[in-house]
Amino acid sequence: MIPPKQSGGFVCRMEEVLAIYQRPYDARFPVVCLDETNTQLVSETRTPLSVRPGEPARYDHEDRREGVAQLFLAFEPLTNRRWTWVRPHKAAVDFAEVVRELADRFPEAARILLVSDNLNTHGGGSFYTRFPPAEARRLCERIQFVHTPSTARGSIWPRSS
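Residue numbers (full-length UniProt numbering): 1 to 161.
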């Protein structure tokens, strides 16, 4: 039965993701989950306060904003392997570079099942935005995108925020 306030499309996509999670491990077709989040970069503006021996360190927390960074986290659930990347932006080119680096970690894989949310940059078009056509085609042939339902935020592994 379709959950209230949801759609057949939601159920179909969720069942596809859950079926992939139930597959046994196959090094030729690894399942890898990818997510990203941003984080604020800050620096301290004050030095720690002096303390007497045996006392805990004391800080007067005053931070200076130093911009933001995009954190990418990939997780292969059946092997418990994780990889992280830090990029300056959340653009298609950043996603494409991360996925290429991830794909290169699986030289024995015929095709990688990449589970991610349905963000507009999470597809093969990002490869063509960033790389020459031959490299973009190579990546498209190695990556099978599996998108979670758009209303199922938090349903993929890992959730980086």
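A virtual CB, placed ideally from N, CA and C, is assigned to each residue, including glycine.
Identity of the residue in the options nearest residue i by Cα
i           : options              : result
residue 80  : 25, 127, 103 and 100 : 25
residue 122 : 129, 28 and 95       : 95
residue 118 : 145, 108 and 105     : 145
residue 77  : 135, 13, 29 and 110  : 29
residue 109 : 137, 135, 27 and 86  : 27
residue 88  : 18, 68, 101 and 105  : 68
residue 21  : 54, 75 and 55        : 75
residue 106 : 53, 19 and 32        : 32
7 Å CB neighbourhood of residue i in its chain, flanking five on each side removed
i           : result
residue 66  : 41, 42 and 43
residue 140 : 124 and 127
residue 103 : 112, 139, 142 and 143
residue 90  : 36, 38 and 70
residue 57  : 48 and 51
residue 161 : Because residue 161 carries a pLDDT of 48, less than 50, the predicted location of this residue cannot be relied on, and no value is offered for it.
Cut-off 8 Å between Cβ atoms - residues of its own chain near residue i, not counting five sequence neighbours on either side
i           : result
residue 129 : 92, 93 and 96
residue 63  : 42, 43, 44 and 45
residue 99  : 34, 114, 126, 127, 139 and 143
residue 132 : none
Residues that DSSP places opposite residue i in a beta bridge
i           : result
residue 147 : 116
residue 100 : For residue 100, which the question treats as bridged, DSSP gives no partner whatsoever.
residue 40  : 68
residue 81  : 76
residue 33  : 75 and 115
residue 86  : 71
residue 49  : 58
residue 63  : 44
Chain-order list of residues whose beta-carbon lies under 6 Å from that of residue i (same chain, five-residue window excluded)
i           : result
residue 13  : 149
residue 85  : 72 and 98
residue 135 : none
residue 60  : 46
residue 82  : 75
**Study point:** the stretch 106-117 contacting the stretch 133-149, beta-carbon criterion three pairs below 8 Å
**Key:** Contact holds: three or more Cβ-Cβ distances are below 8 Å.
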